[in-house]
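Q: Take the position in the sequence shown, starting the count at 1, then add 552; the result is the number in our numbering.
One structure coming up, written as structure tokens, with questions to follow.
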Amino acid sequence: MDQHLIAIDLDGTTLNNQSQLTSETIRTLRAAAKQGHIVSIITGRPYRIAQHIYDQIGIHTPMVNFNGALAHIPHQMWSKEYEIKLTQELAFDLVNHRQQLGIETITLESKNKFWANRETKDVPEFLPSHLTPKQRLKASNVDEDPITIIIEYQPGHEQEIIKRVNERYGDFVEPSIWGGPYNVLELIHRGTHKEAGMYYLAKQYGISKSHIIAFGDEHNDREMIDAAGRGVAMRNAIPAIKQLADDVTEFDNDHNGLAKYLQKYFKLAI
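Laid out in structure tokens, this is it:
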């Protein structure tokens, strides 16, 4: 079969409900890579909490983090790597008006660094539960512009934060609410979505749209699922993603849905 780009979301898609990879998923993704396909993680996760998953799968192809704002090959230099950044000015404007806006936690993330105004266990794994002195969010520590800013806010304050961001920085900043159980809002560069990273990788490998297959389950996968030659929604995906997709997996993420779909589609012997 001709070379494909296999674009995989992580949470709710490649990972099970315990945020883990199963041995069947690992074997399947390795088999697809061995067959010559480009298996690429395309996730909203920052690199610091996606690297171990990449390493566990054992692939050596590019990964896209921050919903499309960073494309790179972990553990090596890649001349095609890119980062789409925000500004420190925006970050410290929010820090200075934190109480007024009902902000609890502000975390700035770059590829290899993060800074936060406080430690928190309210959003396990995604926000830092431990900070070194150099990771404290203050001007003397932040030595580069962030790729993303993640804001944990008090319930009912999201629209105040969005309004301030849009009024002052709306020409280049795009706010998005995570949803689910967390009161979290994320800021990335306007117009940055997963499909941009997916298309960028396809271009580097000379892969046409018809040979892109993408898997997802949530709102932030919408553009990627819609833009792929074959957009596949997980059985556990939200209704809007299922409606948009070209196909739906027979099994959900807790029963190796992605792996079983790839085995059948690419005739992989596992």
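Ideal placement from N, C-alpha and C gives every residue a C-beta, glycine not left out.
(1) Measuring CA to CA, which of T574, V591, D561, E770 is closest to Y757?
(2) Evaluate E661 with the Cβ neighbour count: other Cβ atoms within 10 Å of its Cβ, from every protein chain shown; 16 or more gives buried, anything less gives exposed.
(3) Q652 to I699, Cα distance in whole Å?
(4) With DSSP collapsed to three states, give me the class of F767.
(5) Three or more beta-carbon pairs under 8 Å between the stretch 577-596 and the stretch 613-626, yes or no?
(6) So what does DSSP say about V647, is it helix, strand or coil?
(7) Express the C-alpha separation of L567 and G588 in angstroms, rounding to a whole number.
(8) When you compare only the Cα positions, how much space is there between G722 and R742?
(9) So, under 8 Å CB-CB, T657 and T672 are touching, yes? Tell me the CB distance rounded to an integer number of Å.
(10) What's the call for N664, buried or exposed, on a 16-neighbour Cβ count within 10 Å?
(11) Work out the CA separation of A621 and K746 for me, nearest whole Å.
(12) Report back the beta-carbon spacing between D773 and D554 to the nearest angstrom; my notes put them in contact at under 8 Å.
(13) When the Cα atoms are used, what is the spatial distance from W667 to I822?
(14) What are the boundary residues of the beta strand (DSSP E) that I699 is part of?
(15) Can you give me the Cβ contacts of L689 inside the same chain, cut-off strictly under 7 Å, excluding the 5 residues immediately before and after it?
(16) If we ignore side chains and look at the alpha-carbon of each, how far apart do K686 and D607 end up?
(17) Would you check if the distance between the CB atom of N805 and the CB atom of T565 is smaller than 7 Å?
A: Taking the structure as given:
(1) Residue numbering aside, residue 757 sits at position 205 when the sequence shown is read from its first letter. If we check each option's Cα against that of Y757, V591 comes out closest.
(2) Taking the sequence shown and counting its residues from 1, the one referred to as residue 661 is at position 109. For E661, the number of other beta carbons within 10 angstroms of its own is at least 16, and it is reported as buried.
(3) As a working note, residue 652 is residue 100 in the sequence shown. As a working note, residue 699 is residue 147 in the sequence shown. Cα to Cα, Q652 sits roughly 24 Å from I699.
(4) For the purposes of this step, residue 767 is taken as the residue at position 215 of the sequence shown. Strand at F767.
(5) yes
(6) On the sequence shown, position 95 is the one that residue 647 refers to. DSSP places V647 in helix when its eight states are reduced to three.
(7) Here residue 588 is taken as the residue at index 36 of the sequence shown, counted from 1. Here residue 567 is taken as the residue at index 15 of the sequence shown, counted from 1. So the two alpha carbons sit approximately 23 Å from each other.
(8) Counting from one through the sequence shown, the residue named residue 722 turns up at place 170. Counting from one through the sequence shown, the residue named residue 742 turns up at place 190. Whole-angstrom Cα-Cα distance: 8 Å.
(9) Counting from 1 along the sequence shown, the entry for residue 657 is found at position 105. Counting from 1 along the sequence shown, the entry for residue 672 is found at position 120. About 5 Å separates the two Cβ atoms, so the contact holds.
(10) By 1-based counting over the sequence shown, the position of residue 664 is 112. By the 10 Å Cβ count, N664 comes out exposed.
(11) Here residue 746 refers to the residue found at position 194 of the sequence shown. Here residue 621 refers to the residue found at position 69 of the sequence shown. Distance between the alpha carbons of K746 and A621 is about 8 Å.
(12) What you label residue 773 is simply residue 221 of the sequence shown in a count that begins at 1. What you label residue 554 is simply residue 2 of the sequence shown in a count that begins at 1. At roughly 24 Å, the Cβ-Cβ gap does not stay under 8 Å, so D773 and D554 are not in contact.
(13) For this step, residue 667 is matched to residue 115 along the sequence shown. For this step, residue 822 is matched to residue 270 along the sequence shown. Looking at the two C-alpha atoms, the distance is approximately 42 Å.
(14) On the sequence shown, position 147 is the one that residue 699 refers to. It is not in any beta strand (DSSP E) - I699 carries neither H nor E in the DSSP assignment.
(15) Working through the sequence shown from its first residue, we reach residue 689 at position 137. Closer than 7 Å at the Cβ level, and outside the excluded window around L689, lie V647, I658, L660, W667, A668, N669.
(16) As a first step, residue 686 must be located in the sequence shown, where it is residue number 134. As a first step, residue 607 must be located in the sequence shown, where it is residue number 55. If I take the Cα positions, the gap works out to 27 Å.
(17) In the sequence shown, the residue the question calls residue 805 occupies position 253. In the sequence shown, the residue the question calls residue 565 occupies position 13. Their beta carbons are under 7 Å apart, which means N805 touches T565 by this criterion.
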